[in-house]
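For reference, the structure discussed in these notes is given below.
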Amino acid sequence: MDMNLLAVLGILTLFLFMFLRMPISFTMFIVGFIGLIVAVSPKAAFNVLSADLWNQFSSYSLSVIPLYILMGEIVFRTGITEKMFESAYKWVGHFRGGMASTTILASAGFASICGSNSATAATMGTMALPELDKYKYDKALSTGSVATGGTLGIIIPPSTVLIVLALQMEVSVRELFVASIIPGIFLTTLLIATVVYLCVKSPTLGPAGEKSSMKDRLLSLVGVIPVAGLFVFVIGGLFFGFFTPTESGAFGAFGAIVISLVMGKMTKGNFLEAMAGTLRSSAMVLMLVVGAMVFGRFLTVTRLPYAVAEWVTNLPVAPIFVLIAILIVYVIGGSIMDALGFLIISIPIFYPTVIALGYDPIWFAVLLCVVTSMGAITPPVGVNVFVVQGLTKETPITTVFKGASYFLVAYIAFIALLITFPQIILFLI
């Protein structure tokens, strides 16, 4: 059988199984393994499988995934995230749109120790939506700000998605983390500016809240400074080369446990819940990594990605138009699927083409996280939109989409900036 045809059939089968709601990790594994048997031989497929599995799971770099997940689970399970929200509100809540800005700011803080879009949206929505209703915020703006704030989950380091991308693209985890710092801060600021603009233009969208005294503002930082300090220590140590990503994750997990104990937030129940959550999330991510490894090996054997890359580079069009077409695919994919799952499936297909066009892999990885996050609030599916609508079932899905659409302009402008000025991403590395 022609190898390119075999690869195309494999990709179509992959999406068919996904449509039938088969888990992505098993789908990639089965399609990739059977594809290897057909493309090479059963013996070769088993040899490749055993060798690759051993090499992958004996890799020291994989241990960073459960460590960062544990750090986020500890902070989440012990209720420290509530302190972030309360502190952010005391500082900016008295401005027009202050509560919505608080939601985005707190989402950025939680994203720095979570690394998941839907988890960030669900966690912040649980805390923010009742408060936004209390202050009579427009339903579209309140739900839209929660859904959009959740999109910061995979952009701000330490993000599990960035770690997996680094492993797939064979680039430095440290460089990806460092490269995403400025885009994460820039995007957070841009989203808050969008809220401020909307509420200044139409004050009824987001009334001003109560103004806190300076004493209350400063006291609110007591519960936030330790976690902020932990983030600065973990990412700062990585940035300056004091320790490796795995050591950074270990310090982060240990620091989160110590902080929760000192603050009196840690209980036996919280600790066991955090460990169970870490095991579940780590197993899910590692299964995705295994599935992606087998599927990626199958595509490599068929050489379809390289054939596509060669064909694209010979097209009489500028590379930027090819890049835009690829990014549109990622917006659509991020809309209908979880970001991590879609990125893992698509990287083996598109990555060789992007490299052949001469784009920097670090820049492309961060750009993909931003574009895929935009997909999470893009109609008609928008994963984060449905997560938020599930928290406030009386709100129509169209209202949540309306609120999220306020921020799509900011996202499009930001993506255009990243494409026009790549140094926004590459400046720190």
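Read in order, the letters of the sequence shown are residues 1100 to 1528 in this note's numbering. Positions of the beta carbon are idealized from the N, C-alpha and C atoms, including for glycine. On a predicted model such as this, the values are computed, not experimentally measured, just so you know.
Residue j beta carbon less than 8 Å from that of residue i
i       : j       : result
Phe1506 : Ile1461 : no
Val1333 : Ile1179 : no
Ala1220 : Gly1249 : yes
Val1465 : Ala1265 : no
Met1102 : Arg1379 : no
Thr1498 : Ala1239 : yes
Ala1503 : Val1484 : yes
Thr1471 : Tyr1429 : yes
Ser1124 : Asp1437 : no
Leu1422 : Tyr1458 : yes
Leu1152 : Val1389 : yes
Val1407 : Gly1224 : no
Val1163 : Ile1262 : yes
Val1411 : Thr1366 : no
Cys1468 : Ile1136 : no
Ile1281 : Phe1463 : no
Thr1287 : Leu1251 : yes
Nonlocal neighbours in the same chain, by C-beta distance under 6 Å from residue i, ignoring five residues either side
i       : result
Asp1176 : Position check: residue 1176 holds Arg in this sequence, whereas Asp was assumed. For Arg1176, where only same-chain residues beyond five positions count, the Cβ hits under 6 Å are Asn1369, Glu1372 and Ala1373.
Gly1192 : Met1198, Thr1201 and Gly1308
Tyr1167 : Pro1257 and Gly1348
Ala1187 : Thr1201, Leu1204 and Ala1205
Asp1237 : Leu1304
Ile1443 : Leu1387 and Ala1391
Ser1434 : Gly1474, Thr1477, Val1480 and Gly1481
Glu1172 : Ala1373, Gly1376 and Thr1377
Phe1285 : none
Gly1354 : Leu1329
Ala1352 : Leu1166, Leu1169 and Met1170
Phe1116 : Thr1126
Buried or exposed (CB count within 10 angstroms, at least 16 for buried), residue i
i       : result
Ile1260 : What sits at residue 1260 in the sequence shown is Val, not Ile. Buried, by the Cβ-count rule.
Asn1154 : exposed
Met1127 : buried
Asn1146 : exposed
Leu1228 : buried
Phe1441 : buried
Asn1413 : exposed
Glu1269 : exposed
Ile1419 : exposed
Pro1165 : buried
Asp1375 : What sits at residue 1375 in the sequence shown is Ala, not Asp. Per the 10 Å Cβ criterion, exposed.
Val1331 : exposed
Glu1493 : exposed
Arg1195 : buried
Pro1344 : buried
Ser1055 : A question about residue 1055 goes unanswered here, because the residues of the chain that appear run from 1100 up to 1528.
Val1272 : buried
Ser1244 : buried
Ser1381 : buried
Close-in-space but distant-in-sequence residues of the same chain around residue i (CB under 8 Å, 5 per side omitted)
i       : result
Ala1512 : Leu1289
Lys1189 : Ser1311, Asp1315, Arg1316 and Ser1319
Pro1447 : Gln1267, Ala1391, Phe1394, Gly1395, Leu1398, Thr1399 and Pro1404
Ile1528 : Glu1274, Val1277, Ala1278 and Ile1461
Asp1232 : Ser1241
Glu1409 : Ala1455
Per-residue DSSP class, three states only, for residue i
i       : result
Ile1427 : helix
Tyr1159 : helix
Asp1232 : helix
Phe1350 : helix
Met1313 : helix
Asn1369 : helix
Ala1464 : helix
Pro1255 : The identity of residue 1255 in the sequence shown is Ile, whereas the question assumes Pro. Correct three-state label for Ile1255: coil.
Met1436 : coil
Ala1307 : coil
Arg1402 : coil
Val1299 : helix
Phe1506 : helix
Pro1479 : coil
Ile1528 : coil
7 Å CB neighbourhood of residue i in its chain, flanking five on each side removed
i       : result
Glu1185 : Ser1319
Ile1291 : Ser1200, Ile1203 and Leu1204
Leu1516 : Ile1523
Gly1134 : Leu1105, Gly1109 and Phe1397
Met1226 : Glu1181 and Phe1184
Phe1500 : Pro1478, Gly1481 and Val1484
Pro1302 : Arg1195
Sufficient close CB pairs (3 or more, under 8 Å) joining the stretch 1350-1360 to the stretch 1146-1161: Contact between the stretch 1350-1360 and the stretch 1146-1161 is absent: fewer than three C-beta pairs spanning the two stretches fall below 8 Å.
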